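I have placed the structure first, in the form of structure tokens, so that the comments after it can refer back to it.
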Amino acid sequence: MKCREKKEIALVASGIILGASIVAPAAGAALTAQPSSQKIVVDGKPVQIEAYSIGGSNYCKLRDVGKAVGFTVAYNALTNTVEIRTTEPYAEEIVAQTANSRTVTLPTDGSRYVPQVGDIILCDDGTEYEIKDTTRWDTNVFQDGPLPPLPTATCDWSAFPTLTLQPPVAKRYNDKYGDTLFVRNVYEVRRMAYTLYNALGDEPEAWRDGKPLFKIYTEIPLEYEPYTDVFWPWRASEITDVVHECPNVRYYIDAYDEYKNGVFLNTRYLFMSI
13 MKCREKKEIA LVASGIILGA SIVAPAAGAA LTAQPSSQKI VVDGKPVQIE AYSIGGSNYC
73 KLRDVGKAVG FTVAYNALTN TVEIRTTEPY AEEIVAQTAN SRTVTLPTDG SRYVPQVGDI
133 ILCDDGTEYE IKDTTRWDTN VFQDGPLPPL PTATCDWSAF PTLTLQPPVA KRYNDKYGDT
193 LFVRNVYEVR RMAYTLYNAL GDEPEAWRDG KPLFKIYTEI PLEYEPYTDV FWPWRASEIT
253 DVVHECPNVR YYIDAYDEYK NGVFLNTRYL FMSI
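Add 12 to the 1-based position in the sequence shown for our numbering, that's all there is to it.
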């Protein structure tokens, strides 16, 4: 099997799923699955995808194909729908709902969580918060389209201190302004940190004898919050500009998804240097 185009692969993979119902075995017939011995190649390079031969055809997981060629596969349990998103790069998808529960398990490894209507988030105070509207997820004051993928290294990241990711807390505030929820977006924190890596890697004044003079923190201390502009419109170019101005300081970054009365509003990016 040779993968050439994302859309072509998506359609082929969809056909595999549909084929199971269209070409059903005769009554009483049994199909056996054997590991496929065929090599799978993407753009001339072999990839490791678990495949099986069933009834003379090769089968593999649609998500594995998406990971190999770069498109996202998501499952919406509310509508029992498999969504193939060829315009989005591959991202680890968190299935928010199960057959018996819609409570979200927020990822702790920095993988991406995409909220769905009906998701229930367990807040830090023990209460449950239901998401009712996500129409602004890809279009809001800080984002005019789908989130881009994580940056790739343009320098040697092994020289950087280990990045410590904070847990994806869910802070709820219920006052006269409405029922507000802030959920740490760990994926966006990673994207900011890796952008910092690339900017600092190209800044000679940020290093001494091959060791970094700076430090990166993925949480802003409470006492520093008054000095942080939570509406700072994050762009990779602006982070680079800050690094050029202050190459050997402490950088504090964080990101939170904001909801009001169940409606997603925006992702707030927090950034400061000391």
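Where a beta carbon is used, it is the ideal one built from N, C-alpha and C, also for glycine.
Nothing here was measured: the structure is a model prediction, and the numbers come from that model.
Simplified DSSP state of residue i, which is helix, strand or coil
i	result
residue 210	helix
residue 47	strand
residue 52	coil
residue 286	coil
residue 114	coil
residue 219	strand
residue 33	Residue placement at residue 33 cannot be trusted, given a pLDDT of 34 that sits under 50; what the coordinates show is reported in the next sentence. Helix at residue 33.
residue 124	coil
residue 176	coil
residue 250	helix
residue 90	Caution applies to residue 90, whose pLDDT of 44 falls short of 50 and renders its modelled position unreliable; the value that the coordinates give is listed next. Three-state result, residue 90: coil.
residue 195	strand
residue 237	helix
residue 27	Bear in mind that a pLDDT of 37 at residue 27, under 50, signals an unreliable position, so the model cannot answer this.
residue 165	coil
residue 231	coil
residue 148	coil
residue 269	strand
Straight-line Cα distance separating residue j from residue i
i	j	result
residue 169	residue 184	36 Å
residue 74	residue 115	25 Å
residue 128	residue 277	14 Å
residue 219	residue 258	12 Å
residue 90	residue 229	With a pLDDT of 44 at residue 90, under the threshold of 50, the modelled position of that residue is not reliable, and the figure given next carries that caveat. Computed Cα separation, rounded: 37 Å.
residue 97	residue 221	45 Å
residue 264	residue 187	28 Å
residue 163	residue 94	27 Å
residue 236	residue 83	39 Å
residue 44	residue 67	7 Å
residue 65	residue 81	21 Å
residue 134	residue 140	5 Å
residue 120	residue 126	14 Å
residue 72	residue 56	19 Å
residue 12	residue 138	Nothing can be reported for residue 12: it is not among the residues displayed for the chain, which extend from 13 to 286.
residue 48	residue 118	35 Å
residue 58	residue 69	20 Å
residue 79	residue 85	9 Å
residue 256	residue 223	17 Å
residue 130	residue 124	18 Å
residue 179	residue 234	16 Å
Sequence-distant residues of the same chain with beta carbon closer than 7 Å to residue i, five excluded per side
i	result
residue 181	136, 196
residue 146	127, 128, 129, 276
Nearest candidate by alpha-carbon position, reference residue i, set the options
i	options	result
residue 176	210, 280, 232	232
residue 251	59, 140, 172, 205	205
residue 202	65, 72, 70, 122	122
residue 194	248, 267, 208, 260	267
residue 60	155, 67, 77, 154	77
residue 62	51, 222, 126, 160	51
residue 144	285, 271, 281, 44	271
residue 159	199, 120, 146	199
residue 217	261, 207, 174	261
residue 215	253, 178, 234	253
residue 281	173, 155, 209	155
residue 287	140, 269, 172, 207	Beyond the ends of the chain as shown, which are 13 and 286, falls residue 287; an answer cannot be given.
residue 172	130, 226, 124	226
Neighbourhood of residue i by C-beta, 8 Å cutoff - its chain only, sequence neighbours within 5 removed
i	result
residue 151	157
residue 148	275, 276, 277, 278
Cβ shell of residue i (< 6 Å), same chain only, five flanking positions each side left out
i	result
residue 273	190, 191
residue 142	132, 274
residue 1	Look at the range of the chain in this structure, 13 to 286, and you will see that residue 1 is not part of it.
residue 269	195, 197, 279
residue 46	65
residue 213	167
residue 34	Caution applies to residue 34, whose pLDDT of 34 falls short of 50 and renders its modelled position unreliable; the model cannot decide the point.
Beta carbon proximity, residue i to chain B, threshold 8 Å
i	result
residue 276	Absent here is chain B; the protein component of the structure consists of one chain.
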